[in-house]
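Undergrad:
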Amino acid sequence: MKIRKPFLMYALAVLLAGVTGCNDEGGYEGTKPVQPSDPSRPVVFSDYSPKEGYVRTLIFIEGNNFGTDISKINVTMGGISAPVVGSSGSKICAMAPRRADAGDVKVSILGADGQVIAEHQFNDRFTLHSSLQVGTLTGKVDPSKGENENSGIINGTFEEAEFQSPWWLEFDVDGEGNKVLYCIDNSASSDGNLAALRKINLTTREVSTVFMKGQAGMHQVKSMTFESSTRDTLFFVDDNGRGNWTDRHAMPNMFYSLRSENFRKVYPYLYAQCSYSAVSMKDGSIFYNTWQSSQVYKARVVWDESAQMWDGQPLFAVKANSENHVYMTRHPDELYVYMTGFNGVYRCAYDKDNRVLVSSVLHVGEPNGGSGWADGPGTTARFNRPRQGVFVKNPDYVAEGREDVYDYYVCDHSNNAIRKVTPEGVVSTFAGRGSVGTDGQVWGWIDGEARETARFREPCGIAYDEEEAIFYVADRNNKRIRTISVE
Numbered sequence: 178m179k180i181r182k183p184f185l186m187y188a189l190a191v192l193l194a195g196v197t198g199c200n201d202e203g204g205y206e207g208t209k210p211v212q213p214s215d216p217s218r219p220v221v222f223s224d225y226s227p228k229e230g231y232v233r234t235l236i237f238i239e240g241n242n243f244g245t246d247i248s249k250i251n252v253t254m255g256g257i258s259a260p261v262v263g264s265s266g267s268k269i270c271a272m273a274p275r276r277a278d279a280g281d282v283k284v285s286i287l288g289a290d291g292q293v294i295a296e297h298q299f300n301d302r303f304t305l306h307s308s309l310q311v312g313t314l315t316g317k318v319d320p321s322k323g324e325n326e327n328s329g330i331i332n333g334t335f336e337e338a339e340f341q342s343p344w345w346l347e348f349d350v351d352g353e354g355n356k357v358l359y360c361i362d363n364s365a366s367s368d369g370n371l372a373a374l375r376k377i378n379l380t381t382r383e384v385s386t387v388f389m390k391g392q393a394g395m396h397q398v399k400s401m402t403f404e405s406s407t408r409d410t411l412f413f414v415d416d417n418g419r420g421n422w423t424d425r426h427a428m429p430n431m432f433y434s435l436r437s438e439n440f441r442k443v444y445p446y447l448y449a450q451c452s453y454s455a456v457s458m459k460d461g462s463i464f465y466n467t468w469q470s471s472q473v474y475k476a477r478v479v480w481d482e483s484a485q486m487w488d489g490q491p492l493f494a495v496k497a498n499s500e501n502h503v504y505m506t507r508h509p510d511e512l513y514v515y516m517t518g519f520n521g522v523y524r525c526a527y528d529k530d531n532r533v534l535v536s537s538v539l540h541v542g543e544p545n546g547g548s549g550w551a552d553g554p555g556t557t558a559r560f561n562r563p564r565q566g567v568f569v570k571n572p573d574y575v576a577e578g579r580e581d582v583y584d585y586y587v588c589d590h591s592n593n594a595i596r597k598v599t600p601e602g603v604v605s606t607f608a609g610r611g612s613v614g615t616d617g618q619v620w621g622w623i624d625g626e627a628r629e630t631a632r633f634r635e636p637c638g639i640a641y642d643e644e645e646a647i648f649y650v651a652d653r654n655n656k657r658i659r660t661i662s663v664e
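Under our numbering, the first residue of the sequence shown carries the number 178, and numbering increases by one thereafter.
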């Protein structure tokens, strides 16, 4: 949403004044006592203005006998509650909310007992103008300090919290019904060394630490994933030190923690080579990938008698005779698994009958793994170190009756952007690389319109809240959690 500075100043003035109430001439004053609607007189609804605007546009509803007690005034726009800023008795000031696309403007006046005494829906609908916006949810830095010392693991409110190097995100609803993000927060000075698992409570707007480094021998945690059927187990994938590329039993490559313990305790799950990611299928199968030969395994299939432990069953290499960081994402309907690596996205079909992934095929990206930035179909598209991705249902695909109704959004780390991949393999830049300055830089920390203005700096993790239609991004080198949503 583009908002002009004069409008911002005006809106701020109105909002500050609106806390105290409106006078009968439409001005604002702080001396008039709060009064409910007079039950001996009718409530009159005349009109409202403006009839169009962006999210947070101030709407003025005119009439008579509204009362000045805003706790007794409810306004909805498109069925969404609109915050009431103030009332003079003859004029109500409300604010256009997010997702008020339906446009119907409805006002209810409550009596002293909380019952509705008057209700009105205007014939004219409000037109909500919207655009895709990037914002900052939480995280801050001290610019006076060096780049690796300008933030730390600081808990608190969203305004107080700090992150060292937010890397990977998982969306969840905790036992108290709060929407939360779990975030792998790595060391700022050493790429990949786990510092802590953080909990970002979206409901209470607070950040806390679940556990610190050192749990059960965790070393370099690269990703995490929930067990898909019950979501009561959280798995962590560890590259366990590059000296262990080939030694399958030297250190754990996967750990797990339990919801019943609030994910605070960590236990070894599997001993194997250096690994980067895993997916959990609905039937309980778990697949993971390793650095060596970019091999994909099915977890805990083969019993090694001499080592007295379970090994993985080797399946196939993502890219033959090659090694790379590969990150896996399960399609919600299990049509396939995407694997991001080699500067591309590979599609691996899932054989549900045999409960096994089959060979991978390059879906989008340069066939030889070359890097770059280019939108387009299939192998014409270019990426630069793609990382975590998330599937998002597209309502247009649902209406068209398609088999695959999900687009894929992936963090393009070194391109400082979020890319979108359709099921057919068409790649576009969804957010980032905006407001290019005279220096030609496309990275930085700038909020605003997703493509024209916003910038990221090495985004790595992404999660999605389907109910609120909000993306959350772990913006690694900005040391912040960003949002992408239609505003």
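The beta carbon of each residue, even a glycine, is placed where N, CA and C say it ideally should be.
Since this is a predicted model, take the numbers as computed values, not measurements.
Entirely within the region 422 to 474 and at least 4 residues each: give me those alpha helix (DSSP H) ranges in chain order.
TA: none
Undergrad: Apply the 10 Å Cβ neighbour rule to W480 and answer buried if 16 or more other Cβ atoms are within range, or exposed otherwise.
TA: exposed
Undergrad: To the nearest angstrom, report how far apart V262 and K317 are at their CA atoms.
TA: Roughly 30 Å between the two C-alpha positions.
Undergrad: What did DSSP end up calling P491 once you bin it into helix, strand or coil?
TA: strand
Undergrad: Could you round the C-beta distance between F303 and A277 to whole angstroms and report it? I think they count as a contact, below 8 Å.
TA: 7 Å
Undergrad: What do you get for G240, buried or exposed, if any count of 16 or more other CB atoms within 10 angstroms of its CB means buried?
TA: buried
Undergrad: Would you mind working out which of Q397, N370 and D319 sits nearest N327, comparing C-alpha positions?
TA: D319
Undergrad: With 16 as the cutoff for other CB atoms within 10 Å, does P227 come out buried or exposed?
TA: exposed
Undergrad: Let's see if you can read the secondary structure: which residues bound the beta strand (DSSP E) around Y231?
TA: Taken as a continuous stretch (DSSP letters only), Y231 belongs to no beta strand (DSSP E), as it is neither H nor E.
Undergrad: I need the boundaries of the alpha helix (DSSP H) containing P563, first residue and last residue.
TA: Segment P563 to K570 is the beta strand (DSSP E) holding P563; no alpha helix (DSSP H) there.
Undergrad: Assign Q392 to one of three DSSP states: helix, strand, or coil.
TA: helix
Undergrad: Spatial neighbours of N118 within its chain, please: CB distance less than 8 Å, with the 5 preceding and 5 following residues excluded, ordered by chain position.
TA: This structure leaves residue 118 out entirely; the chain is present only between 178 and 664.
Undergrad: Might you give, ordered along the chain, the residues of its own chain that have their beta carbon closer than 8 Å to the beta carbon of E601, omitting 5 neighbours on each side?
TA: P554
Undergrad: For E296, which residues in the same chain have their Cβ closer than 8 Å to its Cβ, ignoring the five residues on either side in sequence?
TA: K283, V284, S285 and I286
Undergrad: Thinking K356 and L379 are a contact (beta carbons under 8 Å), I'd like their distance in whole angstroms, please.
TA: 4 Å
Undergrad: Would you mind working out which of G352, G333 and Y523 sits nearest E543, comparing C-alpha positions?
TA: Y523
Undergrad: With distances taken between CB atoms, is the gap from I595 to G611 smaller than 8 Å?
TA: no
Undergrad: To the nearest angstrom, how far is it from the Cα of F335 to the Cα of R659?
TA: Spanning the two alpha carbons is a distance of roughly 12 Å.
Undergrad: What's the C-alpha gap between D652 and K268?
TA: Spanning the two alpha carbons is a distance of roughly 43 Å.
Undergrad: Quick check: what's the CA-CA separation for D510 versus T606?
TA: 25 Å
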